Structures are given as C-alpha cells and as structure tokens.
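Chemist: Have a look at this one.
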Amino acid sequence: MPTQIVMDANGDSRHSFDPADEIELLRAEDRFCELLKNGYTAASRNGSGSVTVTWTFDPAAEETLFYPRLVGG
Amino acid sequence: MTVSAVIFCAISFAILSYVARFGSAISDFAQRWLTGSTREERGVRLLREWLSPDQLESFDRTRSFVVVGCDSGRRYRISYGVQQNVYEIDQGGGEVTGLCFVPEGYLVAGDVMLSQKISLETNETATLKVARRFAARSGTNAGALISR
Chain A
2 MPTQIVMDAN GDSRHSFDPA DEIELLRAED RFCELLKNGY TAASRNGSGS VTVTWTFDPA
62 AEETLFYPRL VGG
Chain B
261 MTVSAVIFCA ISFAILSYVA RFGSAISDFA QRWLTGSTRE ERGVRLLREW LSPDQLESFD
321 RTRSFVVVGC DSGRRYRISY GVQQNVYEID QGGGEVTGLC FVPEGYLVAG DVMLSQKISL
381 ETNETATLKV ARRFAARSGT NAGALISR
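Chains A and B, in that order, are what the protein sequence lines are.
Using the numbering used here, the letters of the first sequence map in sequence onto residues 2 to 74.
Using the numbering used here, the letters of the second sequence map in sequence onto residues 261 to 408.
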C-alpha cells in the first residue's frame, strides 16, 4: 500500500492509502499539495533504491518522503 | 486577593505542571510501547531504510556515509548529528570544507542526515546556495564560520 512519510518532531508520521479508494486518494493528494505548499520537498525511491525528487503527486509511488525546507545552519 | 486564593492558585499550578510532566512521560511511554522505539531510533530506522547498500554498510561501521553531489560529482561525508555534520571531502577522504544546512524545525539526527543526503544527491547546486560553509576540522580555524 502506498505510504507518505512526513518527517516531524516525533521522527516521522506515516500515512498509508488505498489508491483504489477515491476518498483516500484525494486525501493523499491534498496532503501532498499542502506539504509542498508549506515548503516541504517530496522524494520517492524506485526499485533499485535511487532517490528522485518529485513535484507532482504519483499515486503509484510506493513510498514518498517529505522533509522540511532546508536552511543554512 | 486573599491568602487562600494565592494558595489555591499555587496548588493548581503545581498540579497542572505535574500532570503535564506526567502526561509527557505517558506519551513517551505509549510511543515506545506502540512503535517499539524512541523518536531518535525511528529517525535512524528511516535513514537506514533509505541509504544505498554501500552507505548503509558505512553508516553501521562508522556512523557516517558518503554521498556524491548530483551536479558536480563532488563527494560529501555526512556524519551522525544535527549540525556541522557535513563535509566536502577530497579523493583521499580528507575534509576540504564544512557545510552547515539543516531542515527547518526540530528533527532528530536520522531525519536531518536523510534530508542532507537527498538534497545533495538530487539538488546539489541549490543546497550549496543555502549552506553556510565552515573550516574543515583539520584546518587551523577548525569550526570557524567562513564566507559562503
């Protein structure tokens, strides 16, 4: 089941959804858009383990990771 | 305000503080019980899931791993930590310069390191624009911030 992983103060929050369920799919897409609007970066992995950054919601992505905007330390 | 009112307020405050602390402890316990881990451990677990096999082997051995910048091909060593933990390295593994950049908000070390890895591997140029540079530890001004 596809999972959205959002980094947060508790380590991470995980949101799995059923892509065949319209309501869950819409909720997942809304979460994706809202996080990007708030400065998060979305990254997904392919089967070989290589990571790509994505700017569009892909309901087929098995795992999408979101991390907050980077700032200089 | 009467003395009894002051005492009442003080006792109420003490009770609320105790409940808040107790609630936090309960929350930590519940999280550990439900997930079998603390947030630091969960951060490391997530990091390990996303590392390549070589990076994972290095991390398990040295608590650090090397990433290759997607634009320049330069190599960077990311060590366990949440600040001043990224160094550009030369061919021999020597530190060239330090790079300080972190995700906004309070995140645990595993999450910070994973963000740093992904950003250097997928968007190196933009990441370097954000990062503040500091002298490598082997330098004479180790740890001192220098210009970007």
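Each residue gets a CB set at the ideal place from its N, CA and C atoms; glycine is no exception.
All of these numbers come straight from a predicted model, not from anything done at the bench.
1. What's the gap between the Cα of Phe325 (chain B) and the Cα of Thr55 (chain A)?
2. Asp13 (chain A) touches chain E at which residues, Cβ-Cβ below 8 Å?
3. Determine the closest residue to Gly341 (chain B) out of B:Gly333, B:Cys360, B:Gly329, with distance taken between C-alpha atoms.
4. Compare the Cα-Cα distances from Arg393 (chain B) to each of B:Gln343, B:Leu367, B:Thr382, B:Ser332 and report the closest residue.
5. Since Tyr140 (chain A) and Met8 (chain A) are thought to touch, with beta carbons under 8 Å apart, how far apart are those beta carbons, to the nearest angstrom?
6. Short of 8 Å Cβ to Cβ, which residues in the segment 323 to 350 of chain B face chain A?
7. Assign Met8 (chain A) to one of three DSSP states: helix, strand, or coil.
8. Run through DSSP, which three-state label would Leu374 (chain B) get?
9. Check this for me: beta carbons of Ser332 (chain B) and Glu384 (chain B), under 8 Å apart or not?
10. Distance, Cα to Cα, Arg334 (chain B) vs Ile349 (chain B)?
11. Can you grab the Cα-Cα spacing for the pair Thr65 (chain A) / Val304 (chain B), in whole Å?
12. Look at the Cβ atom of Val52 (chain A), then the Cβ atom of Val390 (chain B), and state whether they are nearer than 8 Å.
Modeler: So, to answer that:
1. The count along the second sequence starts at 1 and reaches residue 325 (chain B) at position 65. The count along the first sequence starts at 1 and reaches residue 55 (chain A) at position 54. If I take the Cα positions, the gap works out to 24 Å.
2. This model lacks chain E altogether, as its protein chains are A and B.
3. Here residue 341 (chain B) refers to the residue found at position 81 when the second sequence is read from its first residue. Answer by Cα proximity: B:Cys360.
4. By 1-based counting over the second sequence, the position of residue 393 (chain B) is 133. Cα-wise, what sits closest to Arg393 (chain B) is B:Gln343.
5. A question about residue 140 (chain A) goes unanswered here, because the residues of chain A that appear run from 2 up to 74.
6. Gln343, Gln344
7. Here residue 8 (chain A) refers to the residue found at position 7 when the first sequence is read from its first residue. If DSSP states are grouped into helix, strand and coil, Met8 (chain A) belongs with the strands.
8. The sequence position of residue 374 (chain B) within the second sequence is 114, counting from 1. Here Leu374 (chain B) sits in helix by DSSP.
9. Looking up residue 332 (chain B) in the second sequence gives position 72. Looking up residue 384 (chain B) in the second sequence gives position 124. Cβ atoms of Ser332 (chain B) and Glu384 (chain B): closer than 8 Å.
10. Residue mapping note: residue 334 (chain B) aligns to position 74 of the second sequence, counting from 1. Residue mapping note: residue 349 (chain B) aligns to position 89 of the second sequence, counting from 1. Their Cα atoms are separated by approximately 8 Å.
11. In the first sequence, residue 65 (chain A) corresponds to position 64, counting from 1. In the second sequence, residue 304 (chain B) corresponds to position 44, counting from 1. So the alpha carbons of these two residues sit roughly 17 Å apart.
12. Stepping through the first sequence from its first residue, residue 52 (chain A) is reached at position 51. Stepping through the second sequence from its first residue, residue 390 (chain B) is reached at position 130. Not a contact, by the Cβ cut-off of 8 Å.
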